[in-house]
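Student:
Protein chains in written order, with my numbering: chain A, 15 to 240; chain B, 161 to 396.
So this is what it looks like as structure tokens:
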């Protein structure tokens, strides 16, 4: 495996393009939980003609766009503690109901960030495991254990060029065998019984380019030239 | 006559004992009962076990209670925030204990405590380091962890509206842990923006029935925690 010797320059899809790909893969009518950070972009790219219902685990189904600053309400926030709005038809509920929705399999899709993903779908995204780090897990472990389809959005490699798709997660696990698909800036990668399989490669890049930046065997299931 | 109204936050927390377990509602500042927490700081109880989703921001509210050294232990899902160093400093110095619990497991442990269920199985955290020391069992193809219910001596909760029976409604995402903590604490103390006549809350719309609530105190204009943090305020 060849690793880039210097920090990787931005390449492949932008975050917005990744978010558009994720949004295209979510079916009309789905209940969706978006993780804090980059996954929040997905809400901006719902294709015309589709309606998604966004859930935030702190107690709202029917999250709308952010308010203008004059209408921010400290009692109406998302899981990242940022001000949001509620769409007409939204519902508020307490945490036990919110996590019953999650654990009970009532949420169709969640989109999360990742520190590492392994070929069997193992995910590490909550802690570096450093002795000095303050451990904080929030709802990540409940989400990956209960939501029907767990999608990951992430850069393909770390800021120092280390692969995030790895043979075995070395960071503390969030869940075992939970990820369905990874959307990186370089490729869309499925978790399959055969391990990682690239479904789609970012324009201008080759499968070999992706393979060299992946820390585990990866199959080429992409449609070349599409 | 049943009347759970108490005249002041000081009076409402007067009998919290040293070593008590205290559930504190809120998800970040939304639903955090800041006036009740400040009254508890003034009251002086120490050696508390605090059960709350977070550990507060800046040096007000929950962060101020922890900064004052009143909490011996926190049971928490996310003890980190962008603008507080209070908990991290005490934790690194070994001066406060942390029991880290996934957020949904925390909510369900509290719900179970209030519902008379001593323990339950959940798939969350199975196979992770948070499963260490916990009993596990397979149901079908999956592994589940046995999680124990949580109860507490006291809950401090913020709601929107109450009547003299203690019936409650909440405001938007400030509901979060409030209804569960009222169920799980032997003495649930609730600050509300509005106290209304019995009957003014539609029985169809009651979120927490009054039997789960022990004391209600009127705080018509609660402080905005994030504003205090921005201003650099510290309590006391």
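Cβ atoms here follow ideal geometry from the backbone N, Cα and C, with glycine treated the same way. None of the values given here were measured: they were computed from a predicted structure.
1. Grab me the residues of residue 228 of chain A's own chain with a C-beta within less than 6 angstroms of its C-beta, minus the 5 sequence neighbours each way, in chain order.
2. Output, in chain order, the set of chain A residues within a Cβ distance shorter than 7 angstroms of residue 187 of chain B.
3. Give a yes or no on whether 9 angstroms exceeds the smallest Cβ distance from residue 149 of chain A to chain B.
4. Residue 230 of chain A: which of A:197, A:237, A:200, A:183 sits nearest, CA to CA?
5. Output, in chain order, the set of chain B residues within a Cβ distance shorter than 8 angstroms of residue 91 of chain A.
6. Any C-beta of chain A sitting closer than 9 angstroms to the C-beta of residue 247 of chain B?
7. Run through DSSP, which three-state label would residue 169 of chain A get?
8. Is the CB of residue 330 of chain B under 9 angstroms away from at least one CB in chain A?
9. If I measure Cβ to Cβ from residue 131 of chain A and keep anything under 7 angstroms in the same chain, skipping five residues before and after, which residues do I get?
10. Indicate whether at least one CB of chain B lies closer than 9 angstroms to the CB of residue 95 of chain A.
11. Near residue 162 of chain B, what residues of its chain come up, given a Cβ to Cβ distance below 7 angstroms and the 5 sequence neighbours on each side ignored?
12. Taking only runs that begin and end inside the segment 199-224 of chain A, name each unbroken beta strand (DSSP E) of 3 or more residues, in chain order.
13. Do residue 172 of chain B and residue 361 of chain B count as a contact pair if the criterion is CB distance below 9 angstroms?
14. Of all the CB atoms in chain B, is at least one closer than 9 angstroms to the CB of residue 142 of chain A?
15. As an exercise, report each continuous alpha helix (DSSP H) stretch of at least 4 residues that is fully enclosed by the segment 342-370 of chain B, in chain order.
16. Is the Cβ of residue 102 of chain A closer than 9 angstroms to any Cβ of chain B?
17. Can you tell me which of A:133, A:237, A:87, A:25 puts its alpha carbon nearest to the alpha carbon of residue 181 of chain A?
18. May I ask which residues mark the beginning and end of the beta strand (DSSP E) holding residue 290 of chain B?
19. Can you find the residues in the same chain that come closer than 6 angstroms, C-beta to C-beta, to residue 129 of chain A, ignoring five residues on each side of it along the sequence?
20. Of the residues B:294, B:285, B:268, which one's Cα is nearest the Cα of residue 344 of chain B?
21. Pick out whichever of B:273, B:283, B:391, B:293 has its Cα sitting closest to the Cα of residue 262 of chain B.
22. Check whether the segment 375-389 of chain B touches the segment 188-197 of chain B, taking contact to mean three or more Cβ pairs, one atom from each stretch, closer than 8 angstroms.
23. Give every residue of the same chain whose Cβ lies closer than 8 angstroms to the Cβ of residue 239 of chain A, excluding the five residues on either side of it in the sequence, and list them in chain order.
24. Which class does residue 239 of chain A belong to by DSSP, given the choice of helix, strand or coil?
25. With distances taken from CA atoms, which of B:363, B:346, B:230, B:288 is nearest residue 321 of chain B?
26. Unbroken beta strand (DSSP E) runs of length 3 or more, entirely within the segment 174-244 of chain B: which are they?
27. Is the segment 242-262 of chain B touching the segment 56-63 of chain A, taking contact as three or more C-beta pairs under 8 angstroms?
28. Please report how far the alpha carbon of residue 55 of chain A lies from the alpha carbon of residue 98 of chain A, in whole angstroms.
29. Could you name the residues that DSSP lists as bridge partners for residue 260 of chain B?
30. Per DSSP, which one or two residues make a beta bridge with residue 372 of chain B?
31. Going along the chain, which residues of its own chain have a beta-carbon closer than 8 angstroms to the beta-carbon of residue 356 of chain B, five neighbours each way excluded?
32. Can you pull out the residues from the segment 112-127 of chain A whose beta carbon lies closer than 7 angstroms to at least one beta carbon of chain B?
33. What residues match up with residue 307 of chain B in a beta bridge as DSSP calls it?
34. So with CB distances below 8 angstroms, who are the chain B contacts of residue 188 of chain A?
35. Comparing C-alpha positions only, which one of B:270, B:301, B:338, B:293 sits nearest to residue 309 of chain B?
36. Run the CB neighbour count on residue 95 of chain A, radius 10 Å, all protein chains shown included, and call it buried at 16 or more, exposed below.
Tutor: On the basis of the data shown:
1. 177, 179
2. Neighbours of residue 187 of chain B in chain A, taken as residues whose beta carbon is under 7 angstroms from its own, are 72 in chain order.
3. yes
4. A:183
5. In chain order: 187, 188, 190, 333.
6. Yes, because at least one Cβ of chain A sits closer than 9 angstroms to the Cβ of residue 247 of chain B.
7. coil
8. yes
9. 137, 166, 178, 179, 193, 196
10. yes
11. 324, 325
12. Here the runs fully enclosed are 201-206, 209-215.
13. no
14. no
15. none
16. no
17. The shortest C-alpha separation from residue 181 of chain A is found at A:133.
18. Annotation: residue 290 of chain B is outside any beta strand (DSSP E) and is labelled neither H nor E by DSSP.
19. Only residues of its own chain outside the window of five on either side were considered, and among them 138, 139, 185 have a CB closer than 6 angstroms to the CB of residue 129 of chain A, listed in chain order.
20. B:268
21. Here the closest residue by C-alpha is B:283.
22. yes
23. Its pLDDT being 42, under 50, residue 239 of chain A is placed unreliably in this model, and the value from its coordinates should be taken loosely. Same-chain partners within the cutoff: there are none.
24. Confidence in residue 239 of chain A is poor, its pLDDT being 42 and thus under 50, which makes the residue's placement unreliable; the coordinate value appears in the next sentence. Of the three classes helix, strand and coil, the one that applies to residue 239 of chain A here is coil, per DSSP.
25. B:363
26. 181-184, 208-211, 231-236
27. no
28. 14 angstroms
29. B:236, per the DSSP bridge assignment.
30. Answer is none; residue 372 of chain B lacks a bridge partner.
31. Excluding residues within five positions, the ones whose Cβ falls inside 8 angstroms are 321, 322, 323.
32. 113, 116, 117
33. B:280
34. The contacting residues are 288.
35. B:270
36. buried
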